[in-house]
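Enquirer:
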Amino acid sequence: GQQLNQSPQSMFIQEGEDVSMNCTSSSIFNTWLWYKQEPGEGPVLLIALYKAGELTSNGRLTAQFGITRKDSFLNISASIPSDVGIYFCAGPRGAGNKLTFGGGTRVLVKP
Amino acid sequence: AAGVIQSPRHLIKEKRETATLKCYPIPRHDTVYWYQQGPGQDPQFLISFYEKMQSDKGSIPDRFSAQQFSDYHSELNMSSLELGDSALYFCASSLQGRTIISGNTIYFGEGSWLTVV
Chain X
179 GQQLNQSPQS MFIQEGEDVS MNCTSSSIFN TWLWYKQEPG EGPVLLIALY KAGELTSNGR
239 LTAQFGITRK DSFLNISASI PSDVGIYFCA GPRGAGNKLT FGGGTRVLVK P
Chain V
4 AAGVIQSPRH LIKEKRETAT LKCYPIPRHD TVYWYQQGPG QDPQFLISFY EKMQSDKGSI
64 PDRFSAQQFS DYHSELNMSS LELGDSALYF CASSLQGRTI ISGNTIYFGE GSWLTVV
């Protein structure tokens, strides 16, 4: 079935750093969504990508939809402590709107 | 702006008991989705409803059932609870049954924590 693989699984950030995370699939997705989830809360939509090659920004976040439609990356520039959380990529599978989620990238603050 | 409202936020049940979770979608949203997220896991799709009819089904156990009511709120009923049912249950909603590909956006609630002891 369609699966999304995220890397890295976790990362440490230092305030001011730029960070990047990837999402890949063996199958084509027509839409890629990036969500952020904080502990005990629901996923919050950050960026939605609808066209291959599309590059979209939302504040300090930038995401791109790969040309092959099998991958996407999310960049966070000038990270701040509140960027901590789990970032999920997701895409619709089948004819409906049910989402397949990647395993998530856990962003933590460097001690 | 109003978001997806879920209740209760926390629920503790014993094995073999039943539980009911409620979801109130964003106003005018007519589609609701239920997801289950186990500890350290990504959310897994359970079931969805559009205009009060089941529109899609995922990995929902036979012990679970759900429905959408005329005011578009939805309830997830879980019976014969097992320890493995302990998870965060999310409801999400979207507008007018349009597909994500056409630009429809799915919004998630804050989730209901179910602990089975």
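Those protein sequence lines, which keep their order, are chains X and V.
For what it's worth, our numbering labels the leading residue of the first sequence as 179, then goes sequentially.
For what it's worth, our numbering labels the leading residue of the second sequence as 4, then goes sequentially.
Note that beta-carbon positions come from the ideal geometry of N, C-alpha and C, so glycine has one too.
Over the uninterrupted beta strand (DSSP E) stretch that includes V:TYR92, give me the two end residues.
Expert: It spans 90 to 98 - the beta strand (DSSP E) in which V:TYR92 sits, taken as one unbroken run.
Enquirer: Could you give the C-beta distance for V:TYR92 and V:PRO28, rounded to a whole number, given that I count them as a contact under 8 Å?
Expert: In fact, because the Cβ distance is near 15 Å, the residues do not count as touching under 8 Å.
Enquirer: Between the Cα of V:GLN40 and the Cα atoms of V:SER68, V:TYR110, V:VAL119, V:ASP88, which residue gives the shortest distance?
Expert: Of V:SER68, V:TYR110, V:VAL119, V:ASP88, the residue nearest in Cα terms is V:ASP88.
Enquirer: Any residues in the region 42 to 57 of chain V with a beta carbon nearer than 7 Å to a beta carbon of chain X? Which ones, in chain order?
Expert: Listed by position along the chain: ASP45, PRO46, PHE48, SER51.
Enquirer: Nearest CA to the CA of V:GLY61: which residue from V:TYR53, V:TRP37, V:ALA5, V:LEU84?
Expert: For the residues V:TYR53, V:TRP37, V:ALA5, V:LEU84, the minimum Cα distance to V:GLY61 belongs to V:TRP37.
Enquirer: Pop quiz: V:ALA90 and V:ILE109 are said to be a contact at Cβ under 8 Å. What is the actual Cβ separation, rounded to whole angstroms?
Expert: That belief does not hold up - the Cβ atoms of V:ALA90 and V:ILE109 are roughly 19 Å apart, past 8 Å.
Enquirer: Going by DSSP, which residues form a beta bridge with X:GLN192?
Expert: Partner(s): none; X:GLN192 has no beta bridge.
Enquirer: Compute the beta-carbon to beta-carbon distance between V:LEU117 and V:ALA22, rounded to the nearest angstrom, for a pair I have assumed lies under 8 Å.
Expert: Rounded, the Cβ-Cβ distance is 6 Å, consistent with contact.
Enquirer: Using the beta-carbon of each residue, which ones in chain X are nearer than 9 Å to V:THR108?
Expert: Per Cβ cutoff of 9 Å: LEU211, LEU223, ALA226.
Enquirer: Measuring alpha carbon to alpha carbon, tell me which of V:HIS32, V:SER51, V:ILE8 ends up nearest V:CYS26.
Expert: The option with the nearest alpha carbon to V:CYS26 is V:ILE8.
Enquirer: Ignore the nearest five residues each way along the sequence and tell me which others in X:THR202's own chain have a CB closer than 6 Å to its CB.
Expert: Contacts found: ASN183, ASP249.
Enquirer: Give the DSSP-derived three-state secondary structure of X:ASP261 in the structure shown.
Expert: X:ASP261 falls in the helix class under three-state DSSP.
Enquirer: With a cut-off of 8 Å, does the C-beta of X:GLU195 fall near any C-beta of chain V?
Expert: No, X:GLU195 does not count as interfacial toward chain V.
Enquirer: Just to confirm before moving on: does the CB-CB distance between X:VAL197 and X:VAL285 stay below 8 Å?
Expert: The answer is yes: Cβ separation under 8 Å.
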